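A.B. asks: In this note's numbering, the protein residues as written are 1 to 187.
Cβ atoms here follow ideal geometry from the backbone N, Cα and C, with glycine treated the same way.
No experiment lies behind these values; they were computed from the predicted model shown.
The structure is given below, and queries will be raised subsequently.
Listed below in structure tokens is the structure:
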């Protein structure tokens, strides 16, 4: 486990590279509240990680992050919560994720969200709360993700944090909006 490994290392500006040979399976709060960290260009061997709960939350100056193996991750709850400088997210493999509650909450600068495969997600509550700068293409991607997310418990765009009038208009204009509605999603 790498739980809390760099938690509250407020002066950490670059992540050292460790080789754990895939023996680590949890990264809960690993890099949480590392407020001087601006980018992550290299990352650990994450092939066996199943939980990234709070992994980067509170890294308020984090702007960019590289893609890394998330193919076995099931829990991404609070993963980027309050990463208020984050602009875009790589296209993580999220096919096994079941929990992404508040994953991007308060990522005020976030513009770009890829079209993740979230078909197994059960809890997506407030995942995008406070993400007020999302582009139309990101909203299109979110609607497309939701249209395919048949296991979500509360299928409401307001529940996932899309609360502004402008973003709700983007949702209604999204190409897959009718598919999301047919799958039970409501504004």
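In chain order, what residues of the same chain have a beta carbon less than 6 Å from the beta carbon of residue 9, not counting five sequence neighbours either side?
C.D. replies: Taken in chain order, the residues that qualify are 34.
A.B. asks: Helix, strand or coil: which one does DSSP assign to residue 265?
C.D. replies: No information on residue 265 is available, as it lies outside the stretch 1 to 187 that the chain covers here.
A.B. asks: Would you decide whether residue 107 is buried or exposed? Buried here means 16 or more other CB atoms lie within 10 Å of its CB.
C.D. replies: That one is buried.
A.B. asks: Would you list the one or two residues that DSSP bridges to residue 186?
C.D. replies: Answer is 156.
A.B. asks: Residue 132 to residue 109, Cα distance in whole Å?
C.D. replies: Each residue's alpha carbon lies about 8 Å from the other.
A.B. asks: Whose C-beta lies closer than 7 Å to the C-beta of residue 180 among residues of the same chain, with five residues either side of it excluded?
C.D. replies: The answer, listed in chain order, is 143, 146 and 147.
A.B. asks: Below 8 Å CB to CB, which residues in the same chain sit around residue 60 once its five sequence neighbours on both sides are set aside?
C.D. replies: Excluding sequence neighbours, residue 60 sits near 35, 82, 83, 84 and 85.
A.B. asks: Could you have a look at residue 113 and say whether DSSP puts it in helix, strand or coil?
C.D. replies: Here residue 113 sits in coil by DSSP.
A.B. asks: Can you check DSSP and say which residues form a bridge with residue 26?
C.D. replies: Paired residues: 51.
A.B. asks: How would you write the range of the alpha helix (DSSP H) that residue 168 sits in, first residue to last?
C.D. replies: Residues 165 to 173.
A.B. asks: Pull up the CB-CB distance for residue 54 and residue 26, whole angstroms please, since I reckon it's below 8 Å.
C.D. replies: That pair is no contact at about 11 Å.
A.B. asks: Please confirm whether residue 123 and residue 153 have their CB atoms less than 8 Å apart.
C.D. replies: Taking 8 Å as the Cβ cut-off, residue 123 and residue 153 qualify as a contacting pair.
A.B. asks: Could you compute how far the alpha carbon of residue 174 sits from the alpha carbon of residue 184?
C.D. replies: Rounded to whole angstroms, residue 174 to residue 184 spans 16 Å at the Cα level.
A.B. asks: Does the Cβ of residue 38 have 16 or more other Cβ atoms within 10 Å, making it buried, or fewer, making it exposed?
C.D. replies: Looking at its Cβ environment, which holds fewer than 16 other Cβ atoms inside 10 Å, residue 38 is exposed.
A.B. asks: Any idea what DSSP makes of residue 189, helix, strand or coil?
C.D. replies: Outside the displayed span of the chain (1 to 187) sits residue 189, for which this structure offers no information.
A.B. asks: Return the residue from the list 115, 117 and 158 that minimises the CA-CA distance to residue 126.
C.D. replies: Per the Cα distances, 158.
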